[in-house]
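Undergrad: Structure provided below as structure tokens; questions to follow.
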């Protein structure tokens with residue numbers, strides 16, 4: 560998880576468009592303010608028919624990564640969704656507050672994928688960390704061994720995570736609401752998490768109950784996420800130790816120069832946003848002895 564800056568130009572445009580809609584909206588001559596007293600959060604959210612401008616703004620705002628797990632997202636509304644950090648049924652007056660909206664990946668327990676042009680069984684299986692044989696067994700209704708455009712492909716059941724998993728907690732009454740880390744309000748939230756060489760995420764500090772609850776509610780150690788983080792971690796660590804400067808400083812035993820180089824790399828990396836960037840940041844911070 561990393562901090563999300565909602566003051567970017569694209570964000571401001573979307574925020575203003577949402578505010579303008581809130582002021583102008585009418586249903587049976589009733590204003591949105593009047594409808595807050597009549598409808599629940601789900602029904603209110605349905606009033607905004609065109610959410611595409613929000614979806615696009617949130618996607619760009621987060622640099623194409625999920626607000627919770629930092630995996631790559633896309634503009635595909637089947638695999639990603641607009642997330643309400645504070646659930647609509649916990650505080651419906653935040654339903655249309657831009658600073659309560661995020662872009663989350665969507666992993667449902669069961670899902671049907673609509674095949675795109677140039678899709679193959681192999682690239683679909685690789686993307687989902689499954690095998691072609693498993694996909695074939697699930698899709699006996701598809702006779703061809705080649706994926707056709709718009710084929711309806713059943714995908715294997717898998718544990719949910721991020722917004723889809725949080726929704727199970729969001730359905731509880733407001734009195735049972737659980738608190739988790741908010742990537743909007745905590746600038747250095749990434750420092751609260753630590754990633755090990757196996758791809759699992761834990762708290763960077765002992766007995767940090769808020770981080771533990773965040774990992775539980777978002778299911779951040781779902782097998783699919785652990786596998787992806789393991790790949791990202793392993794590749795980066797290998798590249799780091801293969802760096803000629805790192806090798807030279809190790810041979811010379813120059814720990815001061817190694818720390819300076821690592822600190823410089825961390826500073827540079829933190830200017831960029833890319834899938835699982837926080838895994839690399841966490842590794843570099845561990846070299847520096849930071850929490």
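Numbering (the working numbering), first residue to last: 560 to 850.
We treat Cβ as the ideally placed atom computed from N, Cα and C, and that holds for glycine.
1. Express the C-alpha separation of residue 569 and residue 590 in angstroms, rounding to a whole number.
2. Taking C-beta to C-beta, are residue 756 and residue 786 nearer than 8 Å?
3. Which residues share a DSSP beta bridge with residue 753?
4. Can at least three beta-carbon pairs, one atom from the segment 811-828 and one from the segment 836-846, be found at a separation below 8 Å?
5. With burial defined as no fewer than 16 other Cβ atoms inside 10 Å of the residue's Cβ, what is the status of residue 807: buried or exposed?
6. Can you tell me whether residue 713 is helix, strand or coil according to DSSP?
7. Would you mind working out which of 628, 562 and 650 sits nearest residue 731, comparing C-alpha positions?
8. Mind the definition here: the segment 576-595 touches the segment 617-630 only if three or more C-beta pairs lie below 8 Å; say whether that holds.
9. Taking buried to mean at least 16 other C-beta atoms within 10 Å of its own C-beta, is residue 636 buried or exposed?
10. If you measure from the CB of residue 609, is any heavy atom of the ligand FMN nearer than 7 Å?
11. Determine, using beta-carbon pairs with one atom in the segment 729-745 and one in the segment 763-774, whether at least three such pairs fall under 8 Å.
12. Helix, strand or coil for residue 606, going by three-state DSSP, please let me know.
13. Can you grab the Cα-Cα spacing for the pair residue 672 / residue 614, in whole Å?
14. So for residue 779, helix, strand or coil by DSSP?
15. If you measure between the beta carbons of residue 729 and residue 674, is that distance less than 8 Å?
16. For residue 594, tell me which candidate among 628, 627 and 654 has the shortest Cα-Cα distance.
17. Can you pull the DSSP bridge partners for residue 673?
18. Can you give me the Cβ contacts of residue 684 inside the same chain, cut-off strictly under 8 Å, excluding the 5 residues immediately before and after it?
19. Which value, in whole angstroms, describes the spacing of the CA atoms of residue 601 and residue 646?
20. Which word fits residue 809, buried or exposed, when buried means at least 16 other C-beta atoms lie within 10 angstroms of its C-beta?
21. Restricting to Cα atoms, I'd like to know which of 584, 566, 665 and 706 is closest to residue 677.
22. If you follow the beta strand (DSSP E) that residue 663 is in, where does it begin and where does it stop?
23. Would you identify the three-state DSSP class for residue 730, choosing helix, strand or coil?
24. Could you please give the first and the last residue of the uninterrupted alpha helix (DSSP H) stretch that includes residue 809?
25. Compare the C-alpha of residue 802 against each of 790, 821, 763 and 791 and name the closest.
TA: Quick answer:
1. 27 Å
2. no
3. 761
4. yes
5. exposed
6. strand
7. 650
8. no
9. exposed
10. In terms of ligand content, the structure shown is empty, and the ligand FMN therefore cannot be addressed.
11. yes
12. coil
13. 20 Å
14. coil
15. no
16. 654
17. 711
18. 690, 691, 693 and 694
19. 10 Å
20. exposed
21. 706
22. 660-664
23. coil
24. 803-811
25. 821
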